[in-house]
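Reading through the structure tokens given below for one structure.
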Amino acid sequence: MNNCPCFLENLNTKQREICISPKNYVLTACPGSGKTRLITYRLAYLQWKYSNSRKYNIAITYTNRAAEEIEHRLDKMGIDLSSVWSGTIHQFCMHFIIRPYSMYSKYLKNGYKIIDEYVSNAYCQEISKKLGIDYGYEDPLTFPEIKVEYYRKLYSNREIDFNLILKLSLNLLRENTFIAENIAPIIRSVHIDEFQDTNELQYEILAEIVKYNKEINVIFVGDINQGIFGSLGGEAKKAEELTNLFQIDFQEDTLSGCYRSTNRIIDFYTNFEIAKTGTHSLSLKKDLPGIIKYNTLISKDNIVKEIKSIIEEQIAQGVLNNEICIVAPQWYTIYSVANALKAEMPTFNFDAPDISAFKYDPLNPFYLLAKLLFTKPGNRVQIRKKIASEILNILRNDYQICIDDLFDNYSLLKIVNSCINNTEDGIEFYKQSIFKILNAMNVSLINEKRLQKLFLDFMDKCNNRIKKYSLPTNYDALCKCFMEKSGIVINTIHGIKGEEYTTVIAFGLLNGMLPNWSYIIQNSKKQLRTNETNKLLYVLASRAKENLFLFSEKGYLTKSQNEYTPTDELYNVQFNYD
0 MNNCPCFLEN LNTKQREICI SPKNYVLTAC PGSGKTRLIT YRLAYLQWKY SNSRKYNIAI
60 TYTNRAAEEI EHRLDKMGID LSSVWSGTIH QFCMHFIIRP YSMYSKYLKN GYKIIDEYVS
120 NAYCQEISKK LGIDYGYEDP LTFPEIKVEY YRKLYSNREI DFNLILKLSL NLLRENTFIA
180 ENIAPIIRSV HIDEFQDTNE LQYEILAEIV KYNKEINVIF VGDINQGIFG SLGGEAKKAE
240 ELTNLFQIDF QEDTLSGCYR STNRIIDFYT NFEIAKTGTH SLSLKKDLPG IIKYNTLISK
300 DNIVKEIKSI IEEQIAQGVL NNEICIVAPQ WYTIYSVANA LKAEMPTFNF DAPDISAFKY
360 DPLNPFYLLA KLLFTKPGNR VQIRKKIASE ILNILRNDYQ ICIDDLFDNY SLLKIVNSCI
420 NNTEDGIEFY KQSIFKILNA MNVSLINEKR LQKLFLDFMD KCNNRIKKYS LPTNYDALCK
480 CFMEKSGIVI NTIHGIKGEE YTTVIAFGLL NGMLPNWSYI IQNSKKQLRT NETNKLLYVL
540 ASRAKENLFL FSEKGYLTKS QNEYTPTDEL YNVQFNYD
């Protein structure tokens, strides 16, 4: 440790050993074992060790939120982020493969536009209506007729969806080997978080690059029990499979000590394990009894008052607002409960899902500009610089716009920071600022038709959301869209993955909601449904440090007017509840 940075002292012996090791790992990490901390500190260590190198240390996360959390932690540690890259696999492909090498793809060489899931769903609905196919809860692209028409439409519009980003990236790497040969030498390490949610295409893309530089250090970190995106093709590969695919040696290891939860919470959620991990508590409160309750008798009409009562009781016992989380499997039940709780508890702060005027889209330059315009210039300067660089990359590469090479991220931030709000309407301020920024780059929307369409589509979405949800448009209201929220968290099970709270309150634990009907319909084998449900319950329960309140409430009716029943996998657990 004499020649190591002092921040490594914050890790335990096993974490520190893996952090400084040059080996390639497949690391199974139980809930609360410090997985995100390990990745963050390892990135920090490599930045410290190779401070004069420009090679990238990369973190590939399943969600943008997880990538932002890693960057935020590194920024707080004072780590130089210039050689750290973090983001989803789709962002990785765009940044390192598609933008620099799109001219070598027949599909991409004449320009392209990335579409989100809303546009994709709208196309599928339009095509299915035209073909007279009712796909119900099923994935429309499993219908060959819809799939053919869908991709024909994308091709004619020069559009790509998230799945095409992966397919086209792999094609570029395999058909033009010099691309992987160019990318591989500029990468020092790759950290893949939640690798159990990595699909075959993603593994193959990374392997194609690593094959050309076997000095790249690769670490896969995850937990098969938390593989809640299996319906999207997620698969946890073993060390032997990865060794064969990547052509480098991998070593398996585990982080089995849980710093988060009490022994009682762990005893409860291990009922839902798919693979045994031997998880044990290392928490200072490991022997605390806490509270674990399960209620199947309450009506959905009384659930808000019951949750309010639990919150008040927990806060009276000293639990902080941001240590309480309310969770449900489906968004549509969350919105109504969140709004009702806000009305019932007006003096409390809630970190709850709000409909924002700006639809989240980190691959859209106009969304990223909104993020810069409605956040304070002096905060998180390194992260603002990276956002500015991303905007310029998108404009230059995705939209093939000629911007002076001397116009860099500093130039863009200088213009953004000079935009002063002098109108009451935040949307008007945004539009004026966009024209000012584009003018500073000598970019004309009149001449750049594809960029113009992107801007008009973005503004249409904003205006539709504002009208549909009666959203305020003053400057302060739009700033709140990008503010870090604080207070009692309300989210989905998928949304709280990787997080932890003293008290977790979960409702809507019903067959058809957990798992949802679409998964039940698409997976006829009962064992598949059982595994999916157990993984969701495992993720849900393992977020709790001490207290867990579970509800399978009565009163929800299916389309056929039958009442939803409690989720079988939870209802059948034998446990000594409070």
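Under numbering that gives the first Met the number 0, the first residue of the sequence shown carries the number 0, and numbering increases by one thereafter. No residue lacks a Cβ here, since even glycine has one placed at the ideal position from N, Cα and C. None of the values given here were measured: they were computed from a predicted structure.
Self-check item: For L444, the three-state DSSP class (helix, strand or coil)
Solution: Here DSSP, grouped into helix, strand and coil, assigns L444 to coil.
Quiz item: DSSP state of Q560, grouped into three classes?
Solution: Residue state, collapsed to three classes: coil.
Practice problem: Work out the CA separation of L7 and T39 for me, nearest whole Å. | Solution: Each residue's alpha carbon lies about 11 Å from the other.
Quiz item: What residues match up with N56 in a beta bridge as DSSP calls it?
Solution: Paired residues: V83 and S188.
Practice problem: Could you work out which residue in Q451, I504 and V83 is closest to Y579 when comparing CA atoms only? | Solution: Because the chain is modelled from 0 through 577, residue 579 falls outside the range shown and cannot be assessed.
Quiz item: Among residues of its own chain, excluding the 5 on either side of I191, which ones have a beta-carbon nearer than 6 Å to its beta-carbon?
Solution: Result list for I191: I59 and F219, in chain order.
Quiz item: Nearest-angstrom Cα distance between Y106 and E531?
Solution: One C-alpha to the other measures close to 36 Å.
Practice problem: Starting from the C-beta of R395, find all residues in its chain whose C-beta is less than 7 Å away, skip the five residues before and the five after it, and write them out in chain order. | Solution: Answer for R395: I402, listed in chain order.
Quiz item: Roughly how many angstroms separate the alpha carbons of T557 and N515, rounded to a whole number?
Solution: Whole-angstrom Cα-Cα distance: 12 Å.
Quiz item: Does DSSP put E579 in a helix, in a strand, or in coil?
Solution: What the structure shows of the chain is the stretch from 0 to 577, and residue 579 is not part of that stretch, so it cannot be assessed.
Quiz item: Quick one: what's got a C-beta closer than 7 Å to D360's C-beta in the same chain, skipping five residues either side?
Solution: If the five residues before and after D360 are omitted, its C-beta is found closer than 7 Å to the C-beta atoms of D115 and Y366, all from its own chain and listed in chain order.
Self-check item: Exposure of I215, with buried meaning 16 or more beta-carbon neighbours within 10 Å
Solution: With 16 or more other Cβ atoms inside 10 Å of its own Cβ, I215 counts as buried.
Exercise. Would you mind working out which of I333, P364, N270 and G377 sits nearest N571, comparing C-alpha positions?
Key: Looking at the Cα atoms, N270 is the closest of the given residues.
Quiz prompt | Residues that D279 bridges to, as DSSP identifies them | solution = A quick correction: the sequence has His, not Asp, at residue 279. Bridge partners of H279: G256.
Exercise. Determine which residues share a DSSP beta bridge with K553 and list them.
Key: The partner list for K553 (beta bridge, DSSP) reads S298.
Exercise. Compare the Cα-Cα distances from K284 to each of A543, S559 and L411 and report the closest residue.
Key: Ranking A543, S559 and L411 by Cα distance to K284 puts A543 first.
Quiz item: Are L547 and V503 closer than 8 Å when you measure CB to CB?
Solution: Contact flag set, yes.
Self-check item: For E311 and N561, the rounded distance between their alpha carbons
Solution: In this structure, the CA atom of N561 is about 34 Å from the CA atom of E311.
Quiz item: Alpha carbon to alpha carbon, how far is Y202 from K307?
Solution: Each residue's alpha carbon lies about 45 Å from the other.
Quiz item: Tell me which same chain residues have a C-beta within less than 6 Å of the C-beta of A66, skipping the five on either side of it?
Solution: Taken in chain order, the residues that qualify are T60, S85 and G86.
Practice problem: State the start and end residues of the unbroken alpha helix (DSSP H) segment that holds N392. | Solution: First-last of the alpha helix (DSSP H) with N392: V380 to N392.
Exercise. Answer with buried or exposed for S52, where buried requires no fewer than 16 other C-beta atoms within 10 angstroms of its C-beta.
Key: Around the beta carbon of S52, a 10 Å sphere encloses fewer than 16 other beta carbons of the protein chains shown; the residue is thus reported as exposed.
Quiz item: To which residues does DSSP link V326 through a beta bridge?
Solution: For V326, the pairing in a beta bridge is given by DSSP as N490 and A505.
Practice problem: Could you name the residues that DSSP lists as bridge partners for Q250? | Solution: Paired residues: Y24.
Practice problem: Figure out for me which residue from D222, N198, S551 and I182 has the closest Cα to the Cα of I208. | Solution: The residue among D222, N198, S551 and I182 with its C-alpha nearest the C-alpha of I208 is I182.
Quiz item: Y61 CB to nearest chain D CB: under 8 Å?
Solution: Included in the structure is just one protein chain, with no chain D present.
Practice problem: Please name the residue, chosen from D138, I164, H89 and I78, that lies closest to N63 on a Cα-to-Cα basis. | Solution: Looking at D138, I164, H89 and I78, the one whose alpha-carbon comes closest to that of N63 is H89.
Exercise. Could you tell me which residues DSSP puts in a beta bridge with E158?
Key: In DSSP, E158 forms a bridge with K112.
Quiz item: In the DSSP assignment, what residue or residues form a beta bridge with M102?
Solution: Under the DSSP definition of a beta bridge, M102 lacks any partner.
Quiz item: For the putative contact between A28 and G221, defined by C-beta atoms under 8 Å, what is the C-beta separation to the nearest angstrom?
Solution: Separation of the CB atoms of A28 and G221 is rounded to 7 Å, and the pair is thereby assigned contact status at 8 Å.
Exercise. In the DSSP assignment, find the beta strand (DSSP E) that holds V217 and state where it starts and stops.
Key: In the DSSP assignment, V217 falls within the beta strand (DSSP E) that extends over N216 to G221.
Quiz prompt | Cut-off 7 Å between Cβ atoms - residues of its own chain near K13, not counting five sequence neighbours on either side | solution = Answer for K13: L254, listed in chain order.
Exercise. Would you mind sorting N23 into buried or exposed? The rule is 16 or more other CB atoms within 10 Å of its CB.
Key: Buried, because 16 or more other Cβ atoms sit within 10 Å of the Cβ of N23.
Quiz item: Short check: CB of Y474 to CB of F506, under 8 Å?
Solution: Against a cut-off of 8 Å, the Cβ pair of F506 and Y474 comes out as no contact.
Exercise. Quick one: residues in its chain with C-beta nearer than 8 Å to the C-beta of Q399, no 5 flanking neighbours on either side, listed in chain order?
Key: Excluding residues within five positions, the ones whose Cβ falls inside 8 Å are G110.
Quiz prompt | Local Cβ density within 10 Å of Q246, reported as buried at 16 or more and exposed below that | solution = Label assigned to Q246: exposed.
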